[in-house]
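A.B. asks:
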Amino acid sequence: MSCSALRVGYANGESVVYWWLDGYVDFQHDQKPWVKERIRTLFDWHRKTQLRDYAQVFAHVQQRLQKGTPVTAAEVLEQYGIIRQKSLLVIDKALPDLTDLALALEPEQLGKLEKKFASNNDSYRKDYLRGDLEQRQQFRFKKVMKQAEYWFGNFSDEQEKEIRALSDGRPLDNEIWMNERMTRQKEMLAILRRIQQEKPSKEAAMGMLRNHAATLFEFVTYKEHKEFFDGSRDGMAKLVAGMINMTTPAQRQHAAERLQKLIDDCNSLAAK
Numbered sequence: 718m719s720c721s722a723l724r725v726g727y728a729n730g731e732s733v734v735y736w737w738l739d740g741y742v743d744f745q746h747d748q749k750p751w752v753k754e755r756i757r758t759l760f761d762w763h764r765k766t767q768l769r770d771y772a773q774v775f776a777h778v779q780q781r782l783q784k785g786t787p788v789t790a791a792e793v794l795e796q797y798g799i800i801r802q803k804s805l806l807v808i809d810k811a812l813p814d815l816t817d818l819a820l821a822l823e824p825e826q827l828g829k830l831e832k833k834f835a836s837n838n839d840s841y842r843k844d845y846l847r848g849d850l851e852q853r854q855q856f857r858f859k860k861v862m863k864q865a866e867y868w869f870g871n872f873s874d875e876q877e878k879e880i881r882a883l884s885d886g887r888p889l890d891n892e893i894w895m896n897e898r899m900t901r902q903k904e905m906l907a908i909l910r911r912i913q914q915e916k917p918s919k920e921a922a923m924g925m926l927r928n929h930a931a932t933l934f935e936f937v938t939y940k941e942h943k944e945f946f947d948g949s950r951d952g953m954a955k956l957v958a959g960m961i962n963m964t965t966p967a968q969r970q971h972a973a974e975r976l977q978k979l980i981d982d983c984n985s986l987a988a989k
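So, in structure tokens, the structure goes:
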């Protein structure tokens, strides 16, 4: 049996997470061993306590698809809420270790983090802030189709036209998203610099990071751009629901088989 993305992710995840973090802050020699150990412990906890819950979520979605009854945008948002809660649970579990890391960071490491943010933002500009409205809509549509084809297989030309209409029906303002990500980065850097300079207790530092983490699925500039963010959320839910509702029995079976592989892998990995 070929390895799924989930199995590959778990086989290499600890190393990937370590090198990803290292790319942001450049760990010092004495930081490397305990960072690797904390990552290993987090993966072990996640495998033992979370994967069976994920399997149940996937099974619920699978059953919903196999019924073939229309899916509503409200149901899509409900599933998003479940994913959000499970993501926050992982963040909360990792928070004590992230706090230890924040307390251990040196000024030059925060400088490295700031430069990495700037580099990522340059890449974002090249991908998302180029071209006119039509080009940006086409770029966004291609990303939607890549995910859609992964789950459901090939789509007919008529289906693609419907998906394109749903995709283009969402509000598009990549400058707002750019401003949002930069605001979030500035907040994170400000918190880390305050921790580095003041050296508060672990409990106090964890409180700062917990408050920041609690807003990860919210928008910093929500009040300023409420209509845009609400429209983006609702438009994505309508897109997903509409795409599912236009699929054929064969396409839904393709998705059900994808989900079954995930279910099997979750249960298999959790049993180890």
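Start counting the sequence shown at 718; every next residue gets the next number (the numbering used here). For each residue, glycine too, the CB sits at the ideal point set by N, CA and C. Fair warning: this is a prediction, and the values are worked out from it, not measured in the lab.
I need the straight-line Cα distance from residue 964 to residue 869, nearest angstrom please.
C.D. replies: 8 Å
A.B. asks: Apart from the five residues on each side of it in sequence, which residues of its chain come closer than 8 Å, Cβ to Cβ, to residue 740?
C.D. replies: 833
A.B. asks: Determine whether the beta carbon atoms of residue 960 and residue 865 lie at a separation below 7 Å.
C.D. replies: yes
A.B. asks: Taking only the alpha-carbon atoms, compute the straight-line gap between residue 817 and residue 919 and give it to the nearest angstrom.
C.D. replies: Looking at the two C-alpha atoms, the distance is approximately 7 Å.
A.B. asks: Suppose you measure from the CA of residue 798 to the CA of residue 842; what does that come to, to the nearest Å?
C.D. replies: 29 Å
A.B. asks: When the Cα atoms are used, what is the spatial distance from residue 967 to residue 871?
C.D. replies: 10 Å
A.B. asks: Closer than 6 Å by C-beta to residue 782: which residues in its own chain qualify, once you throw out the five before and the five after it? Chain order, please.
C.D. replies: 969, 972 and 973
A.B. asks: List, from N- to C-terminal side, the alpha helix (DSSP H) runs of 4 residues or more that fit wholly inside the region 751-797.
C.D. replies: 768-784
A.B. asks: Residue 776 to residue 953, Cα distance in whole Å?
C.D. replies: 22 Å
A.B. asks: Which same chain residues, not among the five before or five after residue 855, have their C-beta less than 7 Å away from its C-beta?
C.D. replies: none
A.B. asks: Residue 862 to residue 748, Cα distance in whole Å?
C.D. replies: The straight-line gap from Cα to Cα measures roughly 42 Å.
A.B. asks: Please classify residue 907 as buried or exposed, where buried requires at least 16 other C-beta atoms within 10 Å of its C-beta.
C.D. replies: exposed
A.B. asks: If you drop the 5 nearest sequence neighbours on each side, which residues of the same chain put their C-beta closer than 7 Å to that of residue 922?
C.D. replies: 816, 819, 820 and 912
A.B. asks: What does the Cβ neighbour count give for residue 800, buried or exposed, with the cut at 16 atoms within 10 Å?
C.D. replies: With fewer than 16 Cβ atoms within 10 Å of its Cβ, residue 800 is classed as exposed.
A.B. asks: Spatial neighbours of residue 909 within its chain, please: C-beta separation below 8 Å, excluding the five flanking residues on both sides.
C.D. replies: The residues are 819, 822, 827 and 830.
A.B. asks: How many Å lie between residue 732 and residue 875 at the Cα?
C.D. replies: 43 Å
A.B. asks: Look at the alpha carbon of residue 948 and the alpha carbon of residue 771, and state the distance between them as a whole number of angstroms.
C.D. replies: Distance between the alpha carbons of residue 948 and residue 771 is about 28 Å.
A.B. asks: Check whether the region 926-935 touches the region 758-770, counting contact only when three or more Cβ pairs, one atom from each stretch, lie closer than 8 Å.
C.D. replies: no
A.B. asks: In whole angstroms, what is the alpha-carbon distance linking residue 987 and residue 837?
C.D. replies: 34 Å
A.B. asks: Am I right that residue 752 and residue 727 are in contact with their C-beta atoms under 8 Å? What's the rounded C-beta distance?
C.D. replies: With a Cβ gap of about 19 Å, residue 752 and residue 727 do not count as contacting.
A.B. asks: Do residue 982 and residue 723 have their CB atoms nearer than 7 Å?
C.D. replies: yes
A.B. asks: Taking the C-alpha atoms as reference points, what is the distance between residue 807 and residue 769?
C.D. replies: 14 Å
A.B. asks: Do the CB positions of residue 716 and residue 788 come within less than 7 Å of each other?
C.D. replies: No statement about residue 716 is possible, as the shown extent of the chain runs from 718 to 989 and does not include it.
A.B. asks: So for residue 873, helix, strand or coil by DSSP?
C.D. replies: Of the three classes helix, strand and coil, the one that applies to residue 873 here is coil, per DSSP.
A.B. asks: Go ahead and pull the three-state DSSP assignment for residue 840.
C.D. replies: helix
A.B. asks: By alpha-carbon positions, which one of 985, 977, 803 and 958 ends up nearest to residue 792?
C.D. replies: 958
A.B. asks: Between which residues of its own chain and residue 786 is the CB-CB distance below 7 Å, once the five residues before and five after are set aside?
C.D. replies: Answer for residue 786: no residue qualifies.
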